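Step one of this worksheet: look at the structure below.
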Amino acid sequence: MSDSDNATMRSVDDHLKTVLDTVQLLAPMELPITDVNGLVLADDVVSAISLPPFDNSSVDGYAVRLADLEGAGEDSPAELRVLGDVAAGSVHEGILEPGTCLRIMTGAMVPYGAEAIVPLEWTDRGTESVRITRAPERNEHIRILGSDVTAGDVVLKAGTHLGPRQIGLLAAIGQVHAPVHPHPRVVVLSTGSELVEPGTPLGPGQINDGNGPALTAAVNAMGATGIRVGIIGDDPQGVLDAIEDQLIRADIVITTGGVSVGAYDVVKEVLSTLGTVEFSKVAMQPGMPQGFGTVGEDRIPIFTLPGNPVSAYVSFEIYIRPAIEKMMGIETGPRNTVTATCFGAFKSPDGKRQFARGVFDPVGLSVRPVGGHGSHLVGDLALANALIVVPEHVTEVVDGDDVEVIVLDGGPR
Ligand code: AMP
Ligand code: MG
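Residue numbers (full-length UniProt numbering): 1 to 413.
Encoded structure:
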């Protein structure tokens, strides 16, 4: 690489900044709570009801009046008449009379007049009458109305990341919908006349489309919606039509292939005339040729990634993941890294930030490089769970060096 190449290349940080300055948070909408897993709440949620919604028993036992059990002990059990059962979901009509008790199940409404619940374990479990060997305190084993959530309280704040526990709370307070930033719809389009649909016998010169399924999976794993469009050959009109067709339903478009300087690099050719897409050399390896901009009336962000599968995937992790996060309302920025000891040595190009594939050990905080530098090495990519980030000025990593690592698949973002 010559110095002039270095001078014209854009840095990884600048490219990410351009991306994040362009993409916008998606406007809030109400979605069914069955559909909000992984999304971010756009507004505070106020509970219309209190939780528990009524006083109820926290154990299986007997609902009692305190006065009836004064002085009850192992040697002086109290004996009470059992009037009947209160099961969860049923209600005892009337007031608990002195000298009597009710057998009550966990979650059942505490009858009027009852002041505590005696667990089965403190009794002889009688059904007609029961002997009780220990006196409870007032409200013991009773879950008091409103002791968890009070009607009118903000129970979830805007900006909360919704997962199973938050969805459980929404359901518990009876919310059917929640105001959220919706799932970005991300259209993934593979270009290349050599590509065939996996499962089709390979003819001479053909390869399977790996990028489409990989990037769609990466999108879906984030809680966004990946929409994989079929393969588009290296034909300018075909590429143009395919992109324009998708704009109606896309919040982001990703293409792979066709952005180098070869004769059939048609994505570059057609997008140079449509929208605001800028094709840059970014000082990174893999993934140097990057195109990014907006297309169509609605200025849909489009990423045109290089076709090599490792380049395409790394580009997703470095640029597209943060972009999708911003659209979803997730706090975002450059990827976080963890420091690890590198077991293995390799070279890195001067002036480019390298993202080498590695196997990270979170217990030993070490990482082992896998595979070579080739951007076509999908076998090695599948073994990796991390990217080793080698800074632009570093030309060699020596065995035992501390390196910075992006942990893939749920590592610190
Ligand atoms: P390109 O960016 O179109 O020059 O492609 C670079 C390399 O990536 C070529 O070897 C392509 O055959 C390969 N490639 C392009 N698209 C895909 C894809 N969707 N899946 C797997 N390999 C691809
Ligand atoms: Mg190509």
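No residue lacks a Cβ here, since even glycine has one placed at the ideal position from N, Cα and C. Bear in mind the structure is a predicted one, so any value in this text is a computation, not a measurement.
Query: Go ahead and pull the three-state DSSP assignment for L242.; Result: Checking the sequence, you will find Ala at residue 242 rather than Leu. Of the three classes helix, strand and coil, the one that applies to A242 here is helix, per DSSP.
Query: Can you find a heavy atom of the ligand AMP that lies under 7 Å from the Cβ of D209?; Result: yes
Query: Which of helix, strand or coil does DSSP assign to I144?; Result: coil
Query: Under the assumption that E128 contacts V82 (Cβ atoms under 8 Å), give the Cβ distance between them as a whole number of angstroms.; Result: 6 Å
Query: Return the first residue and the last residue of the beta strand (DSSP E) that R81 is part of.; Result: 78–86
Query: Would you say G307 touches the ligand MG, meaning its beta carbon is less than 7 Å from a heavy atom?; Result: yes
Query: With a threshold of 7 Å on Cβ separation, who are the neighbours of M288 within its own chain once the five nearest residues in sequence on each side are excluded?; Result: K281, V282
Query: Grouping DSSP H, G and I as helix and E and B as strand, with all else coil, what is residue 417?; Result: Lying outside 1 to 413, the shown extent of the chain, residue 417 is not represented and no answer is given.
Query: Considering just the uninterrupted stretch of the beta strand (DSSP E) at V229, what are its terminal residues?; Result: 225–232
Query: Here's the rule I'm using: 16 or more other beta-carbon atoms within 10 Å means buried, otherwise exposed. How should T123 be labelled?; Result: buried
Query: I need the DSSP call for T106, collapsed to helix, strand or coil.; Result: coil
Query: Looking at P306: is its Cβ nearer than 8 Å to the Cβ of V266?; Result: no
Query: Starting from K17, trace the beta strand (DSSP E) in both directions and tell me its first and last residue.; Result: Premise fails: K17 lies in the alpha helix (DSSP H), 12–22, not in any beta strand (DSSP E).
Query: Answer yes or no: do A323 and I248 have a C-beta to C-beta separation smaller than 8 Å?; Result: no
Query: Let me confirm a value: L365 is counted as buried when at least 16 other C-beta atoms fall within 10 Å, else exposed. Which label applies?; Result: exposed
Query: Might you give, ordered along the chain, the residues of its own chain that have their beta carbon closer than 8 Å to the beta carbon of residue 416, omitting 5 neighbours on each side?; Result: No answer is possible for residue 416: the residues shown for the chain start at 1 and end at 413.
Query: Could you check whether the Cβ of L271 sits closer than 7 Å to any heavy atom belonging to the ligand COA?; Result: Summarising the ligand content, the structure contains the ligand AMP and the ligand MG and does not contain the ligand COA.
Query: What do you reckon, are the CB atoms on S47 and A178 nearer than 8 Å?; Result: no
Query: Going straight from the alpha carbon of N211 to that of D55, what length do you get?; Result: 56 Å
Query: Note the first and the last residue of the continuous alpha helix (DSSP H) segment covering K326.; Result: 321–328
Query: Give the straight-line distance between the Cα atoms of T395 and I388, rounded to the nearest whole angstrom.; Result: 13 Å
Query: Are the beta-carbon atoms belonging to T294 and V239 less than 8 Å from one another?; Result: no
Query: At the level of alpha carbons, what is the spacing between T304 and P286?; Result: 14 Å
Query: DSSP beta-bridge partners for I132?; Result: A78, T123
Query: Could you tell me whether the segment 90–107 touches the segment 169–176, where touching means 3 or more Cβ pairs closer than 8 Å?; Result: no
Query: Considering D298, what are the terminal residues of the alpha helix (DSSP H) in which it resides?; Result: Counting along the chain, D298 falls outside any alpha helix (DSSP H), and DSSP gives it neither H nor E.
Query: Please return the same chain residues whose Cβ sits closer than 6 Å to the Cβ of P349, not counting the five positions on each side in sequence.; Result: Q285
Query: Can the beta-carbon of E317 be found closer than 8 Å to that of I406?; Result: yes
Query: Mind checking which residues open and close the alpha helix (DSSP H) that includes P309?; Result: 309–315
Query: Could you work out which residue in R335, T255, I300, R228 is closest to V12 when comparing CA atoms only?; Result: R335
Query: Less than 7 Å separating the Cβ of Y264 from some heavy atom of the ligand MG?; Result: yes
Query: Is it buried or exposed for Y319, if we count other Cβ within 10 angstroms and need 16 for buried?; Result: buried
Query: How would you label T8, buried or exposed, when you count the other beta carbons within 10 angstroms and need 16 or more for buried?; Result: exposed
Query: Given that a residue counts as buried once 16 or more other Cβ atoms are within 10 Å of its Cβ, and exposed if not, what is K352?; Result: buried
Query: Under 8 Å between the Cβ atoms of P182 and L41?; Result: no
Query: I254 and L215 look like a contact to me (Cβ under 8 Å); what is the Cβ gap, rounded to whole Å?; Result: 6 Å
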